[in-house]
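Let me begin by presenting the structure, written as structure tokens, before commenting on it.
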Amino acid sequence: MNIHEYQAKEILRSYGIPVPRGRVALKADQVQRTAREMGGRCVVKAQIYAGGRGKAGGVRLVANPDEALLAAKDLFGKTLVTPQTGPDGLIVRRILVEEAVEIAREFYLSITLDRQTSRYCVIASAEGGMEIEALAEKSPEKIHILTIDPYIGLRPYQARKLALALGMTGRLCEECVALITNLYRCCLEKDCTLVEINPLVITKADWLLAMDAKVNFDDNALFRHPEYPDMTDLSQIDPLEITAGEFDLSYIKLKGNIGCMVNGAGLAMATLDMLSEYGGAPANFLDVGGGATRDRVAEAFKIILGDPDVRGVFVNIFGGIMRCDVIAEGVIAAASEVGCTLPIVVRMDGTLVEEGKRLLDESDLNVKFTHDLAEGVESIVGMVGKSSD
Ligand code: GDP
Ligand code: MN
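Its first residue numbered 519, the sequence shown is counted upward by one per residue in the working numbering.
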């Protein structure tokens, strides 16, 4: 789960990590007023669920409140496209106004889960800022990685070794040790999959400061943090994904034109592979889960049809716990409700399959039934067309 930079900074502040003074605004005149409070010179920062804003014009250094107002008017409602947003970009609805800081040096610091070792690791570099991805490619030796043993935790000497590797000495080094230690505590207690400070800076006045912050929460730990869902900014999420979340469906939008409804993540993966194998392009990944009800199936189907890229739908269900007649009823209800005329291929097998088939045959939908997976895939790709066509 994602949150905005300003929310991430509030969390970091509560762990004693120094962040610039600032306030979030929803309207341009609030940006102007806040800029005045900050003393005029400030940074106007678009809040979107993605990084790379600096290069996309989403971070503006302004000299006075009037310039802040102009920047805010330009940014509010704008769609920012950065290397992290995908081609559709994300729309700016919130702006963070912060006191401007004079930067002497920029560093990179993050803690994330290393899936190879199944452990948290601290990643740090003395060359932080907007070119960190390029640095990782060209000079990986300049990036320091420390894997944390979960039983021993992060020891101060390990954090000190990192701070020294970043070139910090004396008071700054000890401040950096405290910062890294606090960041790890934050990561554990808040159940984060990522906490990233890029750049972490030393200011010209010689203070350590987190200039940017990114925090991702582990979705599987949300039950431990009932306050997290309220932090979500729905304007940053695909509406179809929001609806899917409400019905507890795993839905991920993809680039193709064949909508897919499948039960079980493994079967869904196999279905996408089969579609690709036959030259088709899946429009989404949708797992309705093991014990879906008629209503959930209907919602899932409506989500698929809500995607304007979809030219046909492939349903692939194995009725184990799930009954095929329930699936058929859900599909018929949803398709009738939205007046769907697209071709639908249903590949079903398992519990009460004959009953499911009968219901589909009797409906007046444009639906083809099959038992065989390859036959079903071939037939939907045949109707919708290959991805290279
Ligand atoms: P990102 O591009 O989405 O990662 O956004 P950042 O918050 O990291 O901002 C991009 C860049 O703007 C940073 O790497 C800094 O170099 C610069 N920047 C941000 N805030 C300030 C500031 O207060 N003063 C100065 N001089 N530069 C800033
Ligand atoms: Mn950044």
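Just so you know, even glycine gets a beta-carbon here, dropped at the ideal spot from N, CA and C.
query	result
Option nearest T597 by Cα separation, candidates F836, R612, E585, D584	R612
Check whether F765 and R689 have beta carbons under 8 Å apart	no
Strand pairing of L712, partner residues [DSSP]	T630, N734
For G894 and R865, believed in contact at Cβ under 8 Å, the rounded distance	4 Å
Bridge-paired residues (DSSP) for R578	V562
Run of the beta strand (DSSP E) containing A642, from where it starts to where it stops	637–643
Span separating the alpha-carbon of V885 from that of A846	11 Å
Span of the beta strand (DSSP E) around Y533	From DSSP, Y533 is part of no beta strand (DSSP E); its letter is neither H nor E.
Between the CA atoms of I535 and I521 - distance to the nearest angstrom	18 Å
Inter-residue CB distance, I698 and A681 (contact presumed, cutoff 8 Å)	7 Å
Per-residue DSSP class, three states only, for S881	coil
Sub-8 Å separation of A731 and L530 beta-carbons	yes
Three-pair Cβ contact test at 8 Å for the stretch 851–865 versus the stretch 816–825	yes
Among I862, F594, I720, A739, the one whose alpha carbon lies nearest that of M519	A739
Where F625 falls, given that 16 or more other Cβ within 10 Å makes a residue buried	buried
Reference P800, options D825, G807, T811, closest by Cα	D825
The ligand MN heavy atom lying under 7 Å from the CB of G569	yes
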